[in-house]
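Asks: In the numbering used here, each residue carries its 1-based index in the sequence shown increased by 10.
Note that the Cβ used here is the ideal one computed from N, Cα and C, for glycine as well.
Take this structure first; my questions come after.
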Amino acid sequence: MAFELSPLPYNYDALEPYIDAQTMQLHHDMHHQTYVNNLNAAVEKHSQLQSKSPEELIKDLNNLPQDIVSAVRNNGGGHVNHTMFWQIMAPNAGGEPTGAVGDAIRENFGDFESFKQRFNDAGTKQFGSGWVWLVRTSDGKVEITSTPNQDSPMTSGHFPIMGNDVWEHAYYLKYQNKRAEYLKQWWNVVNWDEINKRFEMASH
Ligand code: MN3
Numbered sequence: 011m012a013f014e015l016s017p018l019p020y021n022y023d024a025l026e027p028y029i030d031a032q033t034m035q036l037h038h039d040m041h042h043q044t045y046v047n048n049l050n051a052a053v054e055k056h057s058q059l060q061s062k063s064p065e066e067l068i069k070d071l072n073n074l075p076q077d078i079v080s081a082v083r084n085n086g087g088g089h090v091n092h093t094m095f096w097q098i099m100a101p102n103a104g105g106e107p108t109g110a111v112g113d114a115i116r117e118n119f120g121d122f123e124s125f126k127q128r129f130n131d132a133g134t135k136q137f138g139s140g141w142v143w144l145v146r147t148s149d150g151k152v153e154i155t156s157t158p159n160q161d162s163p164m165t166s167g168h169f170p171i172m173g174n175d176v177w178e179h180a181y182y183l184k185y186q187n188k189r190a191e192y193l194k195q196w197w198n199v200v201n202w203d204e205i206n207k208r209f210e211m212a213s214h
């Protein structure tokens, strides 16, 4: 009943030139695999947790056995965050947001340019490693937030509609220290069809 890493839904080089193949391979096969392995190691001693989904585990950190709270926070979060991340990117994607999420973005942030600016700004200002998110909050609002490390918005009761990984491992080979440039280019691979599916899930 171990947690498993799903294959990438496209080739390593599919997001070139915006995200390079080597970064994708290391990020998926090494970093994400390590979160999965560590999550499995954490729940190994607690068989009652092995039937839970990783989302259930990170939503309920306070009720976990004390000895594995931080392991699940970091590695369960890492697993859930990256599973979303691969899915909300695609080759031949990007462009203006479509569908209901496009409407929500225009309604809450004015236009796509202003939204991108605020999202990128939050990603740039996240000190050290972390994520920048568009979430549906527990009280139904659509907001931009950021979290440190692998913390998931789900732990605070919010639903991650979309998020970008601002750990250096996500961009350093191609962009070096220029996180702002990575954030800007990332919009070229954003998969609005998938984000609309998540937005729909967040609304129920
Ligand atoms: Mn990462």
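The alpha helix (DSSP H) that contains Arg128, what's its start and end?
Replies: Numbered from 1 along the sequence shown, position 118 holds the residue referred to as residue 128. It spans Phe122 to Lys135 - the alpha helix (DSSP H) in which Arg128 sits, taken as one unbroken run.
Asks: Shortest alpha-carbon distance to Glu153 belongs to which of Ala180, Ala114 and Leu183?
Replies: Here residue 153 is taken as the residue at index 143 of the sequence shown, counted from 1. Closest by alpha carbon: Ala114.
Asks: Could you give the uninterrupted runs of the beta strand (DSSP E) lying entirely in the segment 41 to 77, keeping only those of 3 residues or more?
Replies: Complete beta strand (DSSP E) runs here, min 3: none at all.
Asks: So the candidates are His38, Asn84, His89 and Gln76; which of them puts its Cα closest to the Cα of Ser63?
Replies: Working through the sequence shown from its first residue, we reach residue 63 at position 53. Ranking the options by Cα distance to Ser63, first place goes to His89.
Asks: Would DSSP call Val176 helix, strand or coil?
Replies: Within the sequence shown, numbered from 1, the residue matching residue 176 stands at position 166. Note: Val176 maps to coil in three-state DSSP.
Asks: Who sits around ligand 1, taking every residue whose Cβ is closer than 6 Å to one of its heavy atoms?
Replies: This criterion selects His37, His41, His92, Asp175, Trp177, His179 and Ala180.
Asks: How close, in whole Å, do the beta carbons of Asn85 and Asn48 come, if the pair is a contact with beta carbons under 8 Å?
Replies: Counted from its first residue, the sequence shown places residue 85 at position 75. Counted from its first residue, the sequence shown places residue 48 at position 38. Yes, Asn85 and Asn48 are in contact; Cβ-Cβ is about 4 Å, under 8 Å.
Asks: Per the DSSP calculation, Trp196 is bridged to which residue(s)?
Replies: Counting from one through the sequence shown, the residue named residue 196 turns up at place 186. According to DSSP, Trp196 bridges with nothing at all.
Asks: Quick one: is Gly173 buried, meaning 16 or more other Cβ sit within 10 Å of its Cβ, or exposed?
Replies: In the sequence shown, the residue the question calls residue 173 occupies position 163. When all chains shown are included, Gly173 counts as buried.
Asks: Within 10 angstroms of the Cβ of Ser162, are there 16 or more other Cβ atoms? Answer buried if so, exposed if not.
Replies: The residue labelled residue 162 in the question sits at position 152 within the sequence shown. By the neighbour-count rule (16 or more Cβ atoms within 10 Å), Ser162 is buried.
Asks: Closest to Trp143 by CA distance: which of Phe137, Asp149, Ala132 and Tyr181 is it?
Replies: Working through the sequence shown from its first residue, we reach residue 143 at position 133. Comparing Cα-Cα distances from Trp143 to each of Phe137, Asp149, Ala132 and Tyr181, the minimum goes to Ala132.
Asks: Buried or exposed: which applies to Phe137, given that a residue is buried once 16 or more other Cβ atoms fall within 10 Å of its Cβ?
Replies: Reading the sequence shown from its first residue, position 127 is the one you call residue 137. Label assigned to Phe137: exposed.
Asks: List the whole-angstrom C-beta distance separating Gln160 from Gly87, where the pair is believed to meet the contact cut-off of C-beta under 8 Å.
Replies: Within the sequence shown, the letter at position 150 stands for residue 160. Within the sequence shown, the letter at position 77 stands for residue 87. That pair is a contact at about 4 Å.
Asks: Tell me whether Ala212 is buried or exposed, calling it buried when 16 or more other Cβ atoms sit within 10 Å of its Cβ.
Replies: As a position in the sequence shown, residue 212 is number 202, starting the count at 1. So Ala212 ends up on the buried side.
Asks: Please confirm whether Thr155 and Val145 have their CB atoms less than 7 Å apart.
Replies: Within the sequence shown, numbered from 1, the residue matching residue 155 stands at position 145. Within the sequence shown, numbered from 1, the residue matching residue 145 stands at position 135. Yes. Within cutoff.
Asks: Does the Cβ of Met99 have 16 or more other Cβ atoms within 10 Å, making it buried, or fewer, making it exposed?
Replies: In the sequence shown, the residue the question calls residue 99 occupies position 89. Buried is the call here.
Asks: Buried or exposed for Ala103, going by 16 or more other Cβ atoms inside 10 Å?
Replies: Position 93 of the sequence shown holds residue 103. Counting Cβ neighbours within 10 Å, Ala103 comes out buried, since at least 16 surround it.
Asks: Counting only the same chain and skipping the five closest in sequence on each side, list residues whose C-beta sits under 6 Å from that of Trp177.
Replies: Mapped onto the sequence shown, residue 177 falls at position 167. Result list for Trp177: Ser139, in chain order.
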